[in-house]
Amino acid sequence: MESSASPSASDSLTRTPYNPHSGRGRKRSNQEPVSKRAMQLRDSQRLHRERKAKYLSDLEESVKKLTEENTKLKLKVAELELKGSLQPLTGHQQLPPVAACSNCSMERLKNSISANQIASLEAQILQLRSTSTSTFSHPSLHQPSNTTDITRIEAFIPADKANEFNNRIAQVEAELVSLPSLKNKYLVSVLKDLVIKNETETDKVKALHQGKEIARVYNRLYSDCSLMDRVRVVEILAEFQDCMKSTHLVCSKKY
Numbered sequence: 007m008e009s010s011a012s013p014s015a016s017d018s019l020t021r022t023p024y025n026p027h028s029g030r031g032r033k034r035s036n037q038e039p040v041s042k043r044a045m046q047l048r049d050s051q052r053l054h055r056e057r058k059a060k061y062l063s064d065l066e067e068s069v070k071k072l073t074e075e076n077t078k079l080k081l082k083v084a085e086l087e088l089k090g091s092l093q094p095l096t097g098h099q100q101l102p103p104v105a106a107c108s109n110c111s112m113e114r115l116k117n118s119i120s121a122n123q124i125a126s127l128e129a130q131i132l133q134l135r136s137t138s139t140s141t142f143s144h145p146s147l148h149q150p151s152n153t154t155d156i157t158r159i160e161a162f163i164p165a166d167k168a169n170e171f172n173n174r175i176a177q178v179e180a181e182l183v184s185l186p187s188l189k190n191k192y193l194v195s196v197l198k199d200l201v202i203k204n205e206t207e208t209d210k211v212k213a214l215h216q217g218k219e220i221a222r223v224y225n226r227l228y229s230d231c232s233l234m235d236r237v238r239v240v241e242i243l244a245e246f247q248d249c250m251k252s253t254h255l256v257c258s259k260k261y
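The numbers in our numbering rise by one with no breaks, and the one at position 110 of the sequence shown is 116.
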């Protein structure tokens, strides 16, 4: 009897499923433990996200630096273009360094065009004034145009040269007046009158003062135009000076 009961008890024990809440043996969790491979994948993904964020941050910083460098290069190119166009007019002058503000750079460039010329003329005026007793009145920028001044050129140079000069100065006047951004159109007439008087003037002191006024008118014409038209103004005046040198006027001077 006892031998038949014990096998049935052992069978009942083997058929009973394990109960984690029975308190017997090691307790198991309802969740499966994280494997080592899953932990490695999780760390790998985190490192990838960090590297990607750093890469994007570096790209944004590079774009910012390249944009600033591109802006500086554009300013440098504009300044070099102006230097090339101003070379026939101003000679080998030292241009101001490129600045972060384009307006400041253009103002310094504008002042450098006539500063050396005016200083040289003033020195010559003082030297001649100490040895000369002649007196004269300063030409005014608002002095009206005198059409008879052009005919005075013919008394100093041959007729063919006079016609060439008159045609060229009329062409320069028309080109300057046609500039859309030029605010004070009367400066063109003032410049024409000063050039004609200066080229026919025989008194050296008067001629130097007139050359000083011409340099000031150059500066005002330059400052009253936009950036693109300023380049054109310099080109027009440089070509006109080359034409004046080719006519070999009696009182030809460098302004």
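Ideal placement from N, C-alpha and C gives every residue a C-beta, glycine not left out. Note that the structure is a prediction, hence the values are computed from the model and not measured.
The alpha helix (DSSP H) with residue i in it runs from where to where?
i           : result
residue 195 : 192-206
residue 229 : 210-229
Given residue i, which residues of its chain have a CB within under 7 Å of its CB, disregarding the five upstream and five downstream residues?
i           : result
residue 139 : With a pLDDT of only 46 at residue 139, under the threshold of 50, the placement of this residue in the model should not be trusted, and no figure is reported.
residue 156 : Here residue 156 scores only 49 on pLDDT, less than 50, and its place in the model should not be relied on; the value that follows carries that caveat. So the list reads 172 and 202, once near-sequence residues are dropped.
residue 216 : 145, 200, 203, 204 and 207
residue 62  : none
residue 189 : 230
residue 77  : none
residue 265 : There is simply no residue 265 to check, as the chain begins at 7 and stops at 261 in what is shown.
Ignore the nearest five residues each way along the sequence and tell me which others in residue i's own chain have a CB closer than 6 Å to its CB.
i           : result
residue 194 : 179, 182 and 183
residue 53  : none
State yes or no: is the C-beta of residue i within less than 7 Å of the C-beta of residue j?
i           : j           : result
residue 175 : residue 191 : no
Using 7 Å as the limit for Cβ to Cβ distance, is residue i near chain C?
i           : result
residue 188 : Reference to chain C is not applicable here, since this structure consists of a single protein chain.
In chain order, what residues of the same chain have a beta carbon less than 8 Å from the beta carbon of residue i, not counting five sequence neighbours either side?
i          : result
residue 41 : none
Any 3 or more C-beta pairs closer than 8 Å across the stretch 173-187 and the stretch 230-243: yes
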